[in-house]
Amino acid sequence: MHDREGRLLAGRYRLRARLGSGGMGTVWRATDEFLEREVAVKEVTLLGTVEESTPAFQRTLREARTSARLRHPNIVTVHDVVLEDGRPWIVMELIEGPSLAEVVERVGPLPEHRVVEIARQLLDALADIHEQGVLHRDVKPANVLLDGDRVVLTDFGIAAVEGGTALTATNQLIGSPQYLAPERINGEGARAASDLWALGVTLYFSVTGTTPFQRDDMQGVLAAVLSQEPQPVPGALGPVIAGLLRKEPATRLTATEAVTLLSPSRQPTRRITPDTATRPAPPPTPQPTTTQPTPRPAQHGMPPRERRQVAITLTVVAVLGIAAILWVAWQQRAGSSALDRMAVRDTVTIGVRDDQPGLGRWDSVSQSYEGFDIEIAELIAAGLGFDEDRITFTAVGPAERENALATGAVDMVIGSYPITEESKQRVSFAGPYLISAPSMLVREEHDQVGGPASMRGHDVCTVTGSSSHHALSNGGEVEESDILLVQTWQECVDALADKRVDAVVSDEAVLAGYASINASEFNLSVYSTASVEYGIGLAHHDKPLRDKVNEILNEALDGGAWREAYDRTLGYSGLEPAVPTVKPY
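Shown next as structure tokens:
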């Protein structure tokens, strides 16, 4: 049982059970004891108490107000916003039905007539919010709920108000990669057409069971979105999906045009539940992932602003691994350093984590990355001559970082990257910039657990490809069958809270943030007395960049900037940091 179950908010809303959690917060089933009805309550995930005067608090209220002003049968209704623990809790209608993603996963592709009805209702909802100047920015099957005959668009956690203050930091890709429109990948602002592109991908998924740009990794996905055409979908939905997936937003179907194309089908309205589902023909064969785009001809005679936009676009394309000939030349030049490429592009791309409180975490309220790793990244970028407007952060997990560096998708990785003898064979390191120790996060009732020997016979969780994963696999104290491997630390913490595992094994710096947020549920326990050094990952043999970054780190350590960053981001943990000594790895 979670410690908040049974809690009464604002003397009215009784929390009953946690329905789910993620980057946008935790959603609870609750009872409105005044009106005697079931509701959903969204608890926004924040690190510590947020004062009402701070931008983060105001942005949380803006999300609630954005949702609350929308009144449409196909949009989730916001009932109330209450203030508890120095933060807003958003009270919404409770939708009992499954998500579109869950239905397709359970029964497979849906019949055309059912997807046509889903499309009509979602188009009506999007037309309504766009008319009010609101963009959703994360339309996808997981955010579409099926409640009997009703289709409900939910989770406006990263919505934006057109013409309002930007809620998203420069150059950050917000949303789910397979549903991002080309213009958003290219660094242009979101627009109504971007939501309609995402709807096109959602409809494609609904009728085929796969997304049109499904590839092996994120780079492949984004490359496909930019350069490849999806396989056509047969039937009445074909022209609509094709029109919504036009690369150029100006030529993309509007909601009204899409509804018009759907009207001749005259499909009867059916109940949108999986019980009468029949499987259509197999989905189209995915496009090959190795298709190379034709290089664009050189641009001449453009004014400075347009030249800069083209440069930004080419930079993003290069980062995604599908650049034109110039990028290939940079990569193949003997002895080439990322310093040279950064100088030509006039930007720096840094791989970070998005799921580690205190270190590197995507904050859905402030719509930006935050934590010690992020501050170190900004400090390094500034030392290299790049201000915040010329930094691109991209989330890179443990299993992706070596490939991201080798392919040039990122210039460096600053994301709790342990320096090990094995990893030094494939990448270079600057630093270390932080020293931590192997630790465990355990539930309150297991506070006596500590050390590898105590974990025999217990189920543990760690992240695939992390140093903890390798240590557990090679240590012998825990059976492979007792190790739950996931992609993010938040998934591990959720598994611990749900009692699917007995401990989360990682490093002290990674787990301290989760322990602080969940102080009444979890304890931090020592796993090993060995130290773990976090380094700044660089492409193998990039000595020029390594030496420059080490110089900047030494200046930060000597001048106090390093300690100031630590106190701002990790100081709440109460851990006294071991000051690292920079080494020429």
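Just so we're aligned: the sequence shown equals residues 1089 to 1673 in the numbering used here. Built from N, CA and C at the ideal position, the CB exists for glycine as well.
I need the straight-line Cα distance from residue i to residue j, nearest angstrom please.
i: Ile1462; j: Arg1102; result: 37 Å
i: Glu1567; j: Ser1608; result: 29 Å
i: Ser1294; j: Ala1230; result: 11 Å
i: Glu1490; j: Arg1514; result: 7 Å
i: Ser1554; j: Val1598; result: 11 Å
i: Tyr1457; j: Ile1479; result: 12 Å
i: Phe1122; j: Glu1476; result: 48 Å
i: Leu1135; j: Val1321; result: At Leu1135 the pLDDT is 47, less than 50, meaning the model places this residue with poor confidence; the figure from the coordinates comes in the next sentence. Rounded to the nearest angstrom, the two C-alpha atoms are 45 Å apart.
i: Gly1503; j: Trp1577; result: 13 Å
i: Glu1466; j: Val1637; result: 12 Å
i: Leu1584; j: Val1530; result: 7 Å
i: Ala1509; j: Glu1643; result: For the sequence presented, residue 1509 should be read as Glu rather than Ala. Those two C-alpha atoms are separated by around 26 Å.
i: Val1551; j: Phe1301; result: 26 Å
i: Asp1212; j: Asp1655; result: 49 Å
i: Thr1669; j: Glu1639; result: 12 Å
i: Gln1575; j: His1557; result: 11 Å
i: Leu1097; j: Glu1124; result: 14 Å
i: Val1614; j: Ser1594; result: 10 Å
i: Tyr1673; j: Ala1666; result: 19 Å
i: Val1239; j: Phe1474; result: 46 Å
i: Asp1243; j: Leu1612; result: 32 Å
i: Glu1621; j: Gly1099; result: 48 Å
i: Gly1113; j: Pro1318; result: 33 Å
i: Leu1427; j: Ala1469; result: 11 Å
i: Thr1298; j: Arg1092; result: 38 Å
Nearest to residue i by CA position, among the options, is which residue?
i: Val1501; options: Glu1276, Leu1529, Asp1442 and Gly1545; result: Asp1442
i: Gly1519; options: Gly1473, Thr1339 and Gly1625; result: Gly1625
i: Asp1590; options: His1546, Val1203 and Val1436; result: His1546
i: Val1498; options: Val1530, Ala1618 and Arg1429; result: Arg1429
i: Leu1472; options: Thr1435, Ala1525, Leu1182 and Gly1601; result: Thr1435
i: Arg1433; options: Gln1575, Gly1496, Phe1460 and Gly1448; result: Gly1496
i: Pro1199; options: Leu1182, Ala1281 and Leu1291; result: Leu1291
i: Glu1184; options: Leu1171, Ala1213, Glu1126 and Ile1178; result: Glu1126
i: Gly1446; options: Thr1657, Ile1178, Glu1219 and Pro1300; result: Thr1657
i: Val1203; options: Val1347, Leu1097 and Arg1159; result: Val1347
i: Met1686; options: Asp1173, Ile1163, Arg1194 and Gly1174; result: Summary: the structure shown does not reach residue 1686, with the chain confined to residues 1089 through 1673, and so no result is reported for it.
i: Glu1172; options: Arg1194, Val1240, Lys1130 and Lys1631; result: Lys1130
i: Ser1454; options: Arg1092, Val1132 and Leu1096; result: Val1132
i: Leu1234; options: Asn1274, Arg1279, Pro1186 and Leu1210; result: Pro1186
i: Ala1278; options: His1218, Gln1319, Gly1297 and Thr1242; result: His1218
i: Thr1165; options: Ile1206, Arg1194, Ala1128 and Trp1177; result: Ala1128
i: Ile1523; options: Gly1331, Arg1117, Tyr1505 and Ser1569; result: Tyr1505
i: Gln1307; options: Pro1526, Glu1345, Leu1158 and Gly1439; result: Gly1439
i: Leu1214; options: Asp1582, Val1195 and Arg1159; result: Arg1159
What three-state label does DSSP hand residue i in the structure shown?
i: Asp1635; result: helix
i: His1546; result: coil
i: Ile1507; result: coil
i: Asn1162; result: coil
i: Ala1627; result: strand
i: Val1566; result: coil
i: Pro1176; result: strand
i: Glu1126; result: strand
i: Pro1371; result: At Pro1371 the pLDDT is 42, less than 50, meaning the model places this residue with poor confidence; the figure from the coordinates comes in the next sentence. Of the three classes helix, strand and coil, the one that applies to Pro1371 here is coil, per DSSP.
i: Pro1445; result: coil
i: Asp1451; result: strand
i: Gly1048; result: Residue coverage of the chain in this structure runs from 1089 to 1673, which leaves residue 1048 outside it and unanswerable.
i: Val1484; result: coil
i: Tyr1673; result: coil
i: Lys1533; result: Note on identity: in this sequence residue 1533 is Glu, with Lys being the wrong assignment. Three-state result, Glu1533: helix.
i: Ser1524; result: strand
i: Asp1120; result: strand
i: Asp1085; result: With the chain running from 1089 to 1673 in the structure shown, residue 1085 is simply not present.
i: Arg1279; result: coil
i: Glu1093; result: coil
i: Gly1471; result: helix
i: Gly1308; result: helix
i: Glu1181; result: strand
i: Asn1491; result: helix
i: Thr1114; result: strand
i: Phe1610; result: strand
i: Val1589; result: coil
For residue i, decide whether its Cβ has a neighbour in chain D, counting only Cβ atoms nearer than 9 Å.
i: Val1347; result: No chain D appears in this structure, which consists of one protein chain only.
Fill in: Cβ pair count under 8 Å reaching 3, the segment 1189-1204 against the segment 1266-1286
no
Worksheet item: If you pair each beta-carbon of the segment 1218-1233 with each one of the segment 1278-1295, do three or more pairs fall below 8 Å?
Response: yes
Discussion item. Does the segment 1477-1488 come into contact with the segment 1640-1651, if we say contact requires no fewer than three beta-carbon pairs (one atom in each stretch) closer than 8 Å?
Written reply: no
Discussion item. Could you tell me which whole alpha helix (DSSP H) segments of length 4 or greater appear in the segment 1186-1253?
Written reply: 1188-1195 and 1200-1219
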